[in-house]
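> Structure incoming, see below.
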Amino acid sequence: MSGWQQLLAWIAEILAIAISVALSVAYITYFERRIIGWIQVRKGCNRVGPAGLLQPIADMIKLVFKETIIPAPAHKVLFVLAPIAALAPMMAAFAAVPFGETTFFGLWKAAHVMAIGNIHVGLLYVMAMSSLAVYGMLLAGWASNTKYAFLGTMRSTCQVISYEIAMGFALVPVMMLAGSLNLADIVHAQEGGFWHWYVIPLFPMFLVYFISGAAEAARIPFDLPEGEAELVAGYHVEYSGMWFASFSLAEYAAMILISLMTSILFLGGWDAPIPQLAFIPGTVWLLLKTSFFVFVFIWMRATFPRYRYDQLMRLGWKVFLPWTLVWIAVVGICIYAPGISRVMDFWLAWR
Amino acid sequence: MERLFFDLFGAASVVAALGVVLARNTMYSVLWLIFCFFNLAGLFVLLDAEFLGIILILVYVGAVMVLFMFVVMMLEVDVASLREGFLRYLPLGGALALALLVEMVLAARAGLFAKHAEHLGREVNNTAEIGKLLYTKYLLGFEIAAVILLVALVGAIVLVIRARKDAKYQNIARQVRVRKEDRLQKVRLP
Chain A
145 MSGWQQLLAW IAEILAIAIS VALSVAYITY FERRIIGWIQ VRKGCNRVGP
195 AGLLQPIADM IKLVFKETII PAPAHKVLFV LAPIAALAPM MAAFAAVPFG
245 ETTFFGLWKA AHVMAIGNIH VGLLYVMAMS SLAVYGMLLA GWASNTKYAF
295 LGTMRSTCQV ISYEIAMGFA LVPVMMLAGS LNLADIVHAQ EGGFWHWYVI
345 PLFPMFLVYF ISGAAEAARI PFDLPEGEAE LVAGYHVEYS GMWFASFSLA
395 EYAAMILISL MTSILFLGGW DAPIPQLAFI PGTVWLLLKT SFFVFVFIWM
445 RATFPRYRYD QLMRLGWKVF LPWTLVWIAV VGICIYAPGI SRVMDFWLAW
495 R
Chain B
263 MERLFFDLFG AASVVAALGV VLARNTMYSV LWLIFCFFNL AGLFVLLDAE
313 FLGIILILVY VGAVMVLFMF VVMMLEVDVA SLREGFLRYL PLGGALALAL
363 LVEMVLAARA GLFAKHAEHL GREVNNTAEI GKLLYTKYLL GFEIAAVILL
413 VALVGAIVLV IRARKDAKYQ NIARQVRVRK EDRLQKVRLP
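Here it is as structure tokens:
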């Protein structure tokens with residue numbers, strides 16, 4: 145392939161993923177409203193278009209045409225930069241996420257991994273990019289130059305940093321079993337149906353990862369940075385119109401990313417739960433699993449009250465962190481202990 | 263193509279480093295430093311050291327710089343008083359910078375840096391290679407560094423902790439264990 149063709153292929157890949165993420169975000173907001181309406185025995189949005197399906201489009205048009213207000217005491221450059229700093233790393237993280245394997249309808253001999261960059265350190269890359277999302281909140285709160293925004297920022301920073309540690313440690317046993325940081329390799333290590341998935345030997349880590357993910361994306365039981373009851377809207381009080389929308393876009397993209405990563409790391413990615421169902425394409429399986437986790441996020445929002453701040457910190461530092469450390473030790477010992485190591489060989493990819 | 267990216271990252275990191283020193287607002291200094299780290303990560307990736315590049319972003323940009331920024335946000339930094347001693351410290355700082363520059367030039371001229379390095383193949387996984395070296399050849403140094411870090415961590419906690427007698431702590435286990443009989447009392451009113 146010549147240089148220009150390569151460049152065009154890259155642009156096509158990037159657009160394919162960025163546009164689908166943006167569209168999914170729009171329709172996740174729709175489904176969120178409908179599902180919460182269903183849980184709370186009311187209708188949800190059903191006015192714009194058939195069954196309310198055009199509601200996200202209407203919302204988008206409204207947001208685009210709203211005036212962007214920049215407060216007088218704000219630091220102008222950083223105020224404008226903050227939403228971009230929140231959104232860009234979230235979209236960049238999708239570059240290393242594999243969406244399945246394809247031979248392109250038999251056109252290619254070997255199956256190619258469907259990712260923009262199938263890199264060796266894919267797992268670390270996704271972690272690094274999602275850890276950068278905190279800068280959006282930080283800059284927004286500081287640049288707004290308001291008390292409420294600043295308080296929201298302080299809370300969110302502490303929360304995100306604390307939960308990032310538990311989140312990182314929860315992935316260490318996955319790396320120990322798969323023996324690789326490449327996301328496609330991790331999926332290959334779990335091939336062969338439900339019993340091979342890492343959710344079985346690493347169930348506590350699966351819980352820790354998903355719940356920390358909810359904290360990282362500031363979803364409901366952990367949405368203290370927003371805390372509308374006490375902070376109006378937290379770090380983005382001063383934002384309006386499209387700049388405000390980029391923050392929620394980043395939040396929902398984070399939600400999709402966490403759901404995707406949970407499916408890839410713990411539920412076998414594009415692997416069918418029983419081999420008899422393998423005729424359904426892998427990407428469909430991956431997206432089904434992801435949709436399930438997105439649904440769980442929405443379900444949590446409709447069900448749980450918000451955490452109190454000290455309890456949130458306690459959960460991160462005194463519950464999840466010890467769990468992950470103990471589980472790393474347990475998995476490490478099981479891999480080499482005589483007798484149990486035979487059992488562990490079932491999930492171990494590298495021995 | 264590679265040369266182009268090297269020039270881009272190199273120039274940007276120099277500009278960013280200058281920005282760190284010259285920015286008037288401390289917050290902007292921290293932001294320039296973050297930008298500098300990004301470009302250095304890019305340079306690492308160009309050198310096929312993707313593990314180091316990603317770790318630089320994950321650890322320094324993702325965690326350490328957030329704490330930096332956090333401290334800078336909370337402190338009211340008086341920039342004027344910081345600039346006061348500029349001329350006084352200039353000779354010492356300038357001499358240090360000059361010495362470093364001379365050292366770098368001498369090292370480069372002595373051929374300490376390889377003129378040309380081959381790219382590693384895609385099959386070489388530098389995470390695995392670094393892991394092997396770290397846990398075999400350099401195990402002792404690695405463990406010593408780990409112990410020093412642990413001591414620093416415990417030391418920092420010991421230094422700043424103050425046990426308050428009047429603080430109320432929540433004992434979750436006790437709260438969960440509570441039964442109806444512990445709290446509820448039946449009283450017959452006349």
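Quick note, the sequences are listed as chains A and B, same order. Going by this note's numbering, the first residue of the first sequence is number 145, and it counts up by one from there. Going by this note's numbering, the first residue of the second sequence is number 263, and it counts up by one from there. A virtual CB, placed ideally from N, CA and C, is assigned to each residue, including glycine. Computed from a predicted model, the values in this text were never measured in an experiment.
1. Can at least three beta-carbon pairs, one atom from the stretch 404-416 of chain A and one from the stretch 325-334 of chain A, be found at a separation below 8 Å?
2. Compare the C-beta of Met311/A with all C-beta atoms of chain B and state if any pair is closer than 8 Å.
3. Tell me the start and end of each unbroken alpha helix (DSSP H) in the stretch 206-274 of chain A that is at least 4 residues and wholly inside, in chain order.
4. Please list, in chain order, the chain B residues whose beta carbon lies closer than 7 Å to that of Thr301/A.
5. On the premise that Leu327/A lies in contact with Ile408/A, defined as a C-beta separation below 8 Å, what is that separation, rounded to the nearest angstrom?
6. Can you tell me the Cβ-Cβ gap for Ser356/A and Ala394/A, rounded? I've got them flagged as a contact below 8 Å.
7. Does His264/A have its Cβ less than 8 Å from a Cβ in chain B?
8. Residues of chain B with CB under 8 Å from Ile305/A, in chain order?
9. Since I believe Leu401/A is in contact with Met234/A (beta carbons under 8 Å), could you give me their beta-carbon distance rounded to a whole number of angstroms?
10. Counting along the chain, where does the alpha helix (DSSP H) carrying Ala418/B start and finish?
11. For the structure I just gave you, are there three or more beta carbon pairs, one from the stretch 415-429 of chain A and one from the stretch 452-460 of chain A, closer than 8 Å?
12. Contact between the stretch 236-250 of chain A and the stretch 350-370 of chain A is defined here as three or more beta-carbon pairs at a separation below 8 Å; is this criterion met?
13. In whole angstroms, give me the CA-to-CA distance for Asp329/A and Gly476/A.
14. Thinking C-beta only, is Leu492/A closer than 8 Å to Ile484/A?
15. As an exercise, report each continuous alpha helix (DSSP H) stretch of at least 4 residues that is fully enclosed by the stretch 305-393 of chain A, in chain order.
16. What did DSSP end up calling Gln455/A once you bin it into helix, strand or coil?
17. Quick one: which chain A residues come within Cβ less than 7 Å of Phe313/B?
18. Do the CB positions of Ala226/A and Glu382/A come within less than 8 Å of each other?
19. DSSP three-state call for Met444/A: helix, strand or coil?
20. Quick check: the Cα distance between Ile363/B and Phe330/B, rounded to an integer number of angstroms?
21. From Gln432/B to Phe448/A, what distance separates their C-alpha atoms?
22. Could you check the C-alpha separation between Leu446/B and Val438/B for me, to the nearest Å?
23. Between the Cα of Val376/A and those of Leu404/A, Pro317/A, Ser146/A, Leu295/A, spot the shortest distance and give me the residue it belongs to.
24. Does Met271/A get closer than 8 Å to chain B when you measure Cβ to Cβ?
25. Is there a Cβ of chain A sitting closer than 8 Å to that of Asn433/B, yes or no?
26. Where does the unbroken alpha helix (DSSP H) through Tyr290/B begin, and where does it stop?
27. Pull up the CB-CB distance for Leu280/B and Phe299/B, whole angstroms please, since I reckon it's below 8 Å.
28. Hey, would you say Thr389/B sits closer than 8 Å to His264/A, going by beta carbons?
29. Looking at chain B, is there any beta carbon in it that lies within less than 8 Å of the beta carbon of Trp286/A?
30. Which residue from Gln184/A, Trp429/A, Arg177/A puts its Cα closest to that of Asn190/A?
31. Under a three-way DSSP split, which group does Met281/A fall into?
32. Between Ser146/A and chain B, is any beta-carbon pair separated by less than 8 Å?
33. Quick check: Ile180/A and Gly188/A, are their CB atoms within less than 8 Å of each other?
34. Using C-beta distances below 7 Å, list every residue in its chain close to Gln303/A, excluding the 5 sequence neighbours before and after it, in chain order.
35. Using a cut-off of 7 Å between C-beta atoms, extract the partners of Ile319/B located in chain A.
36. If we call anything under 8 Å between Cβ atoms a contact, is Trp471/A one with Met349/A?
So, from the listed chains and residues:
1. These segments touch.
2. At a cut-off of 8 Å between beta-carbon atoms, Met311/A makes no contact with chain B.
3. 220-237
4. Val328, Phe332
5. 6 Å
6. In this structure Ser356/A is not in contact with Ala394/A, their Cβ atoms being roughly 18 Å apart against a cut-off of 8 Å.
7. yes
8. For Ile305/A, the residues of chain B that pass the 8 Å Cβ criterion are Ala325, Val328, Leu329, in the order they occur in the chain.
9. 7 Å
10. 401-422
11. no
12. Verdict: no, contact absent.
13. 20 Å
14. no
15. Here the runs fully enclosed are 327-333, 347-360, 372-375.
16. helix
17. Val265
18. no
19. helix
20. Contrary to the premise, residue 363/B reads as Leu rather than Ile in this sequence. Whole-angstrom Cα-Cα distance: 28 Å.
21. 21 Å
22. In this structure, the CA atom of Leu446/B is about 15 Å from the CA atom of Val438/B.
23. Leu295/A
24. yes
25. no
26. 288-308
27. The pair is not a contact, with the Cβ atoms about 15 Å apart (cut-off 8 Å).
28. yes
29. yes
30. Arg177/A
31. helix
32. no
33. In contact: Ile180/A and Gly188/A (Cβ atoms closer than 8 Å).
34. Ala359, Phe366, Leu368, Pro369, Leu456
35. Ala272
36. yes
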